[in-house]
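S.K.:
Residue numbers (this note's numbering): 112 to 406.
#1: My guess is that residue 386 and residue 342 are in contact by the Cβ rule of under 8 Å, so how many angstroms apart are they, rounded?
#2: With a threshold of 7 Å on Cβ separation, who are the neighbours of residue 324 within its own chain once the five nearest residues in sequence on each side are excluded?
#3: Grab me the residues of residue 130's own chain with a C-beta within less than 7 Å of its C-beta, minus the 5 sequence neighbours each way, in chain order.
#4: Establish whether the CB of residue 223 and some CB of chain B are separated by less than 9 Å.
#5: Measuring straight from C-alpha to C-alpha, what distance separates residue 456 and residue 304?
#6: Enumerate in chain order the residues of its own chain whose CB-to-CB distance from residue 406 is below 7 Å, with the five nearest sequence positions on each side excluded.
#7: Does DSSP put residue 349 in a helix, a strand or coil?
#8: By the three-class DSSP mapping on this structure, what secondary structure does residue 397 have?
#9: Residue 229: buried (16+ other C-beta within 10 angstroms of its C-beta) or exposed?
#10: Over what stretch of residues does the alpha helix (DSSP H) that includes residue 124 continue unbroken?
#11: With a threshold of 16 other CB atoms inside 10 Å of the CB of residue 192, please say whether the residue is buried or exposed.
#12: Should the stretch 277-288 be regarded as contacting the stretch 137-156, the criterion being three or more beta carbon pairs within less than 8 Å?
#13: Beta carbon of residue 310, beta carbon of residue 246: below 9 Å?
#14: Considering only residues of the same chain and omitting the five flanking positions on each side of residue 249, which have a CB-CB separation below 7 Å?
#15: Run through DSSP, which three-state label would residue 310 get?
#16: With C-beta atoms as the reference, is residue 221 less than 9 Å away from residue 160?
#17: Residue 231: buried (16+ other C-beta within 10 angstroms of its C-beta) or exposed?
#18: Can you look up residue 374 in the DSSP assignment and give me helix, strand or coil?
#19: Using 8 Å for Cβ pairs, my map puts residue 335 next to residue 397. What's the rounded Cβ distance?
#20: Thinking just about the alpha-carbon of each residue, which of 399, 145, 119 and 167 is nearest to the one in residue 322?
#21: Between residue 76 and residue 358, what straight-line distance do the alpha-carbon atoms span, to the nearest angstrom?
#22: At the level of alpha carbons, what is the spacing between residue 403 and residue 196?
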């Protein structure tokens, strides 16, 4: 559990890091999938991806620098050479290095608006998501070989979902109803497959990590995980509302659907940020039933 200011700082930076990585990776995927089909908003989306990657680089650097203080519980840990070396040579250091590499590829590649730049940015997005499997419950589990690809896929899908939301609002704000309607309709068709895939990957990881599964509701890890599931259920409600009601209204030329969609998407963004905050606390301070307490 969170017991001190350095724990709170670590959790806050982790949540912000999730958001930055998912926004940058999701912007890349959105820009590539809708290349040439979203008018002038494509340039805005690419700038958003590069800016989010830059923010992510800063967060990773600050979090890595402060990690010795988090481990020791005191500010003096930041200048302790032994703790600094421990962080650098541990999974934390490896994850930070891979994430920095991925974010750098995104920042450089997404702004080029070329095939080579897009390939580099996509590789960067995959590297960022893969980096989360080098630490935490996945790395410590005997089932790591199964969990690592599952977690990477889960995060890529979640990054696309979250990272597409701000670009969608951009399209709704700056483009014509025809362009916005076409983009939203395409995204809704993808979401039909996206949401179940996220749930399937997350549910499989839950079943693998929790031992026994029946102990989940009684543990802190389990209760926070159930909170995430509840928020995810609410997100599915907004996704269904968008697909079944609001996107068809937009496609039919109903201008009032633009404001309703922007509001719905803003609610999705808020709920996913709550998921990121919950995930940061779960991964940093709680262990699955049957596992050793997280350090």
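For each residue, glycine too, the CB sits at the ideal point set by N, CA and C.
M.R.: Based on what the coordinates show:
#1: Between residue 342 and residue 386 the Cβ distance is about 5 Å, and since that is below 8 Å, they are a contact.
#2: If we look at residue 324 and ignore the five residues flanking it on each side, its Cβ neighbours are 318.
#3: Non-local C-beta neighbours of residue 130 in its own chain, meaning closer than 7 Å and more than five positions away in sequence, comprise 384 and 387, ordered along the chain.
#4: Within the model displayed, chain B is absent; a lone protein chain is all it includes.
#5: Here the chain has residues from 112 to 406 only, and residue 456 is not among them.
#6: Because residue 406 sits at a pLDDT of 35, beneath the cut-off of 50, its placement in the model cannot be relied upon, and the following sentence gives the value as read from the coordinates. The answer is none, since no qualifying residue turns up.
#7: Secondary structure of residue 349 (DSSP, three-state): helix.
#8: It is coil, neither helix nor strand.
#9: The C-beta of residue 229 has 16 or more other C-beta atoms within 10 Å across all chains shown, which makes the residue buried.
#10: Segment 116-144, the alpha helix (DSSP H) holding residue 124.
#11: Result: exposed.
#12: With a cut-off of 8 Å, the stretch 137-156 and the stretch 277-288 count as touching, because enough Cβ pairs lie within range.
#13: In this structure, residue 246 does not lie closer than 9 Å to residue 310 by Cβ.
#14: Taken in chain order, the residues that qualify are 255, 258, 259 and 262.
#15: Here DSSP, grouped into helix, strand and coil, assigns residue 310 to helix.
#16: In contact: residue 221 and residue 160 (Cβ atoms closer than 9 Å).
#17: Looking at its Cβ environment, which holds 16 or more other Cβ atoms inside 10 Å, residue 231 is buried.
#18: DSSP places residue 374 in helix when its eight states are reduced to three.
#19: With a Cβ gap of about 7 Å, residue 335 and residue 397 count as contacting.
#20: Of 399, 145, 119 and 167, the residue nearest in Cα terms is 399.
#21: Residue coverage of the chain in this structure runs from 112 to 406, which leaves residue 76 outside it and unanswerable.
#22: Bear in mind that a pLDDT of 45 at residue 403, under 50, signals an unreliable position, so the model cannot answer this.
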